[in-house]
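Colleague: Numbering (the working numbering), first residue to last: 1123 to 1551. In this text, a Cβ means the ideal position worked out from N, Cα and C, and glycines have one as well. Treat the numbers as computed from the prediction; the structure is a model and nothing was measured.
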Amino acid sequence: MLLGPARKGGFGVFKGVRELLPGEYGIFTAKGLKKHTYWSLKAKPHTESLTDTIGHLRYLLTDSINRQLVSDVPLCTFLSGGLDSSLISAVVSKKYKSEGRVLSTYSVDYKDNRKNFVASSFQPDEDAPWIVKMSNFIGSEHRNVEIDSPLLAEALIPSMTARDLPGMADVDSSLYLFCGEVKKDFTVALSGECADEIFGGYPWYHKEELLYGEGFPWSGATAERSALLKNGILGETKPEEYVREAVKMTTDKTSYLDSDSDSDKAVRRMFMLNFYWFMQTLLDRKDRCSMAHGLEVRVPFCDHRIAEYAYNIPWELKALGGREKGLVRKVAEEFLPYDVVWRKKSPYPKTHNPEYMRIVYEWFRKLYNEKEFRLTEFLDKNSLSELIASEGKSFSKNWYGQLMTTPQMFAYLIQLELWMRKYNVEIEL
1123 MLLGPARKGG
1133 FGVFKGVREL
1143 LPGEYGIFTA
1153 KGLKKHTYWS
1163 LKAKPHTESL
1173 TDTIGHLRYL
1183 LTDSINRQLV
1193 SDVPLCTFLS
1203 GGLDSSLISA
1213 VVSKKYKSEG
1223 RVLSTYSVDY
1233 KDNRKNFVAS
1243 SFQPDEDAPW
1253 IVKMSNFIGS
1263 EHRNVEIDSP
1273 LLAEALIPSM
1283 TARDLPGMAD
1293 VDSSLYLFCG
1303 EVKKDFTVAL
1313 SGECADEIFG
1323 GYPWYHKEEL
1333 LYGEGFPWSG
1343 ATAERSALLK
1353 NGILGETKPE
1363 EYVREAVKMT
1373 TDKTSYLDSD
1383 SDSDKAVRRM
1393 FMLNFYWFMQ
1403 TLLDRKDRCS
1413 MAHGLEVRVP
1423 FCDHRIAEYA
1433 YNIPWELKAL
1443 GGREKGLVRK
1453 VAEEFLPYDV
1463 VWRKKSPYPK
1473 THNPEYMRIV
1483 YEWFRKLYNE
1493 KEFRLTEFLD
1503 KNSLSELIAS
1513 EGKSFSKNWY
1523 GQLMTTPQMF
1533 AYLIQLELWM
1543 RKYNVEIEL
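1) Consult DSSP for Asn1258 and reduce its assignment to one of helix, strand or coil.
2) Across the stretch 1517-1537 and the stretch 1275-1295, are there enough close Cβ pairs to call them in contact, namely three or more that are closer than 8 angstroms?
3) Specify the secondary structure class of Arg1223 as computed by DSSP and reduced to three states.
4) Measure the C-alpha to C-alpha separation of Phe1457 and Ser1226 and round it to an integer number of angstroms.
5) For a test of the three-state rule: what should DSSP assign to Thr1173, helix, strand or coil?
6) What's the call for Asp1231, buried or exposed, on a 16-neighbour Cβ count within 10 Å?
7) Nearest to Phe1259 by CA position, among Asp1461, Ser1295, Ala1441, His1474, is which residue?
8) Taking the beta strand (DSSP E) that Val1310 falls in, what are its first and last residues?
9) Grouping DSSP H, G and I as helix and E and B as strand, with all else coil, what is Glu1418?
10) Using 8 angstroms as the threshold, is the C-beta distance between Val1421 and Cys1301 below it?
11) Do Ala1275 and Ile1481 come within 8 angstroms of each other at the CB atom, strictly closer than that value?
12) Should Gly1148 be labelled buried (16 or more other beta-carbon atoms within 10 Å of its own) or exposed?
13) Roughly how many whole angstroms lie between the Cα atoms of Asn1546 and Glu1539?
14) Would you kindly check if the distance between the Cβ of Phe1321 and the Cβ of Val1450 is under 8 angstroms?
15) Just confirm the distance between the C-beta atoms of Ser1211 and Thr1199, as a whole number of angstroms; I'd bet it's less than 8 angstroms.
16) List the residues that DSSP assigns as beta-bridge partners of Cys1155.
17) I need the straight-line Cα distance from Lys1440 to Ser1383, nearest angstrom please.
18) Would the stretch 1153-1172 count as touching the stretch 1417-1433 if we require 3 or more Cβ pairs under 8 angstroms?
19) Is Lys1375 buried or exposed, if buried means 16 or more other CB atoms sit within 10 Å of its CB?
20) Between the C-alpha atoms of Trp1340 and Tyr1470, what's the straight-line distance to the nearest angstrom?
21) Figure out for me which residue from Ser1313, Phe1136, Thr1151, Lys1137 has the closest Cα to the Cα of Leu1197.
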């Protein structure tokens, strides 16, 4: 409840269950389990010029994309019209054309989104026109998968089952439905995940109050979340302290150079938080929602060579021109139209249809009034009543970044309730 849909790496949700972290292996003997780290991010001096850095990154990105094209089954790419998926699709399309093949690309949208879209600083424009532009530019066979609100809500259950946990609400269920459609024609897809975490694509890399702030920059509602909990359920645990410790658990592993300035160190710590928290949440979502349909989604930006290289690129190069992912944009100028390259970042698309909010709100209200309602075992009944009465307005902050606002908060609580029922969860105090 304090971190979700993220969770502490290495810990299972159920008592007595642990997991191996990324970069770990375990050896189990009669003496028990011993864990070893075989890979971690290490600070190294970056000695290349800007020109050499651009060339090095171009090689790493194109090599990673081309390596991941090896497949004996049909392969496509996801295309959102943003920088990352457009770059991948352009590189793949160029290779396919040289072999006399045509690339198939896929995008996801929501019914009546154009009618209900409202621009914001986080999402300044719609993806749709950019998708058309990019598909025409690279000459792909493109299909747009449109999802309606009732189906989006209905898929909260199978997407939760796919993850075995409450997840990112309709951010999960939309990907689940989308992957189901793609799998009808393809078995492997390439996607643009991980570029933002590795190359500084998020606002918290660029705003000092977030870069130097406490806690997780994408989850600043600890006080509001803890206020939903039943009084005394946490025992001696102090919510803010718990979150700070979770942050420290990761940032303590940060590798620095002696020459790093305070701002260099802050960027490295932010890299670690994004790499081991935000990125893991998104990769888990991607893997589970796609493989639930038998669709393998590969992520070229997540190549370990790229992560190691990017970790040591100085910020003034990484954020070239003062822009998010400025260096990647410079590389992309060789492959994409100029306006696509320098388009402001747009997040994973979510529904703007008010019908979706009505559906999840009514669904949660119905669950709350059922005799077998489970959430009051650890959530405060009065707080939930107030949440329902105010239609979510009593919770004054976003649940999780910009992707999970009021509709997604209700959807997350629905998933949490149904997860407790489906898995017969018992809470041990």
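Modeller: So, to answer that:
1) By one-based count along the sequence shown, residue 1258 stands at place 136. Note: Asn1258 maps to helix in three-state DSSP.
2) yes
3) If you number the sequence shown from 1, residue 1223 lands on position 101. If DSSP states are grouped into helix, strand and coil, Arg1223 belongs with coil.
4) Translated into the one-based positions of the sequence shown, residue 1457 becomes position 335. Translated into the one-based positions of the sequence shown, residue 1226 becomes position 104. When rounded, the distance between both Cα atoms is 18 angstroms.
5) Looking up residue 1173 in the sequence shown gives position 51. Residue state, collapsed to three classes: helix.
6) Numbered from its first residue, the sequence shown carries residue 1231 at position 109. The residue is buried, with at least 16 neighbouring Cβ atoms inside 10 Å.
7) Locating residue 1259 in the sequence shown gives position 137, where the first residue counts as 1. Per the Cα distances, Asp1461.
8) Position 188 of the sequence shown, counted from the start, is the residue given in the question as residue 1310. Counting along the chain, the beta strand (DSSP E) containing Val1310 begins and ends at 1310-1312.
9) Within the sequence shown, residue 1418 is the residue found at index 296, counting from 1. Correct three-state label for Glu1418: strand.
10) Within the sequence shown, numbered from 1, the residue matching residue 1421 stands at position 299. Within the sequence shown, numbered from 1, the residue matching residue 1301 stands at position 179. No.
11) Reading the sequence shown from its first residue, position 359 is the one you call residue 1481. Reading the sequence shown from its first residue, position 153 is the one you call residue 1275. Cβ atoms of Ile1481 and Ala1275: closer than 8 angstroms.
12) Locating residue 1148 in the sequence shown gives position 26, where the first residue counts as 1. Gly1148 should be labelled exposed.
13) What you label residue 1546 is simply residue 424 of the sequence shown in a count that begins at 1. What you label residue 1539 is simply residue 417 of the sequence shown in a count that begins at 1. Cα-Cα distance, rounded: 10 angstroms.
14) Mapped onto the sequence shown, residue 1450 falls at position 328. Mapped onto the sequence shown, residue 1321 falls at position 199. For Val1450 and Phe1321, yes; Cβs fall inside 8 angstroms.
15) For the purposes of this step, residue 1211 is identified with residue 89 of the sequence shown, where counting begins at 1. For the purposes of this step, residue 1199 is identified with residue 77 of the sequence shown, where counting begins at 1. At roughly 5 angstroms, the Cβ-Cβ gap stays under 8 angstroms, so Ser1211 and Thr1199 are in contact.
16) For this step, residue 1155 is matched to residue 33 along the sequence shown. Before going further, note that residue 1155 is Leu rather than Cys in the sequence given. The partner list for Leu1155 (beta bridge, DSSP) reads Phe1150.
17) Taking the sequence shown and counting its residues from 1, the one referred to as residue 1440 is at position 318. Taking the sequence shown and counting its residues from 1, the one referred to as residue 1383 is at position 261. Between Lys1440 and Ser1383, the C-alpha separation is close to 16 angstroms.
18) yes
19) Translated into the one-based positions of the sequence shown, residue 1375 becomes position 253. Under this definition Lys1375 is an exposed residue.
20) As a first step, residue 1340 must be located in the sequence shown, where it is residue number 218. As a first step, residue 1470 must be located in the sequence shown, where it is residue number 348. Cα-Cα distance, rounded: 15 angstroms.
21) Numbered from 1 along the sequence shown, position 75 holds the residue referred to as residue 1197. For Leu1197, the nearest C-alpha among the options comes from Ser1313.
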